[in-house]
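Visitor: As numbered in this note's numbering, residues 23 to 228 make up the sequence shown, in order. One structure is given below, represented as structure tokens, and several questions about it will come after.
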Amino acid sequence: MSVWIEIIFVLASYLIGSIPVGYLLIRYLTGQNILELGSGNIGSTNVKRIAGKKIAAITQLLDMTKGLLPVGLYFYLTYDLNLTYNQNIVSDLSIYYVALASILGHDFSIFLKFKGGKGVNTTLGASVLLAPFSVFISVAFYFIVKWRFKYVSLGSIVLAITMVISEFIICGITPTFYYLLACMVLIIVLHYKNIGRLLRNQELPS
């Protein structure tokens, strides 16, 4: 039974993560396809370019919720009131599969023919219950870098790297460290075009 519970949660988490919030908001508000506008990304940065700060903030919040909701629900169902892990229901690593599924859903949405965003906000939402200190430290570094250099992409890359380094310093090599390492790789790979523009000094400030 535990295997089926894990499979159902992972699939459900992927489907929740796949809800293309930015795409739906822009389609509803403007009738346009965000995949054909700006950077072609469904994340809050591109939404801001098209629809402004308010809609971008809504997109950001909902994208974070896509990660937080399945992980939070999984924690609620698999831990008792004393925070004792119920090993009869799930495996030790299953929570990481659920978290990664929501992120992969956002990055490669089944509803958009496996196109999507870069996963930063969904990663934060999915990770805040797994590594709260690392998440908060990385967000602080993101704002510092964004304030200093004016590039969201650079801030996002630094955020991803900082999460991994912070987790290693705080907790050492743990399953959470490897999970955050996978998140970092995803974020950096999906920012490869931004990295190229940054190296050529062609990235536009955000």
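Glycine is no exception: its CB is placed at the ideal position from the N, C-alpha and C atoms. All values derive from a computational prediction rather than experimental measurement.
1. Can you tell me the Cα-Cα spacing of SER131 and SER35, whole angstroms?
2. If VAL174 sits next to VAL120, beta carbons under 8 Å apart, how far is it from one beta carbon to the other, in whole angstroms?
3. Following the continuous alpha helix (DSSP H) through GLN224, name the residue where it begins and the one where it ends.
4. What alpha helix (DSSP H) runs, 4 residues minimum, are completely inside the region 75–148?
5. Determine the DSSP secondary structure at GLY218, reduced to helix, strand or coil.
6. Within the same chain, show all residues whose beta-carbon is closer than 6 Å to that of SER178, passing over the 5 residues directly before and after it, in chain order.
7. What is the rounded straight-line gap between the Cα of LEU202 and the Cα of LEU146?
8. Could you check whether SER61 and ASN68 sit closer than 9 Å to each other, using their CB atoms as the reference points?
9. Is VAL174 near the ligand FAD, going by C-beta to nearest heavy atom under 8 Å?
10. Specify the secondary structure class of ALA162 as computed by DSSP and reduced to three states.
11. Compute the distance between the beta-carbons of ILE38 and PHE133, then report whether it is under 9 Å.
12. Alpha helix (DSSP H) containing THR184: first to last residue?
13. Using the beta-carbon count (16 or more within 10 Å), is ASP85 buried or exposed?
14. Just the Cα atoms here: how many angstroms apart are ILE125 and ILE217?
15. Taking just the CA atoms, how far does GLY74 sit from TYR96?
16. Give me the residue from TYR50, VAL211, ASN223 with the minimum Cα distance to LYS172.
17. Along the alpha helix (DSSP H) that carries PRO197, what are the first and last residues, could you check?
18. Residue range of the alpha helix (DSSP H) that GLY39 falls in?
19. Look at the Cβ atom of ILE159, then the Cβ atom of MET185, and state whether they are nearer than 9 Å.
20. Between TYR164 and ARG170, what straight-line distance do the alpha-carbon atoms span, to the nearest angstrom?
21. Can you give the beta carbon distance from THR198 to ALA153, rounded, assuming they're within the 8 Å contact cut?
22. Taking ASN55 as part of the alpha helix (DSSP H), name the residues at either end of that continuous run.
Guide: Let me spell this out:
1. 12 Å
2. Actually they do not touch by this definition, with Cβ atoms about 27 Å apart.
3. No alpha helix (DSSP H) contains GLN224, which DSSP labels as neither H nor E.
4. 75–100, 116–129
5. helix
6. VAL142
7. 10 Å
8. yes
9. In terms of ligand content, the structure shown is empty, and the ligand FAD therefore cannot be addressed.
10. helix
11. no
12. 174–193
13. buried
14. 21 Å
15. 34 Å
16. ASN223
17. 197–212
18. 24–40
19. yes
20. 10 Å
21. 5 Å
22. Element bounds for ASN55: n/a, residue is neither H nor E.
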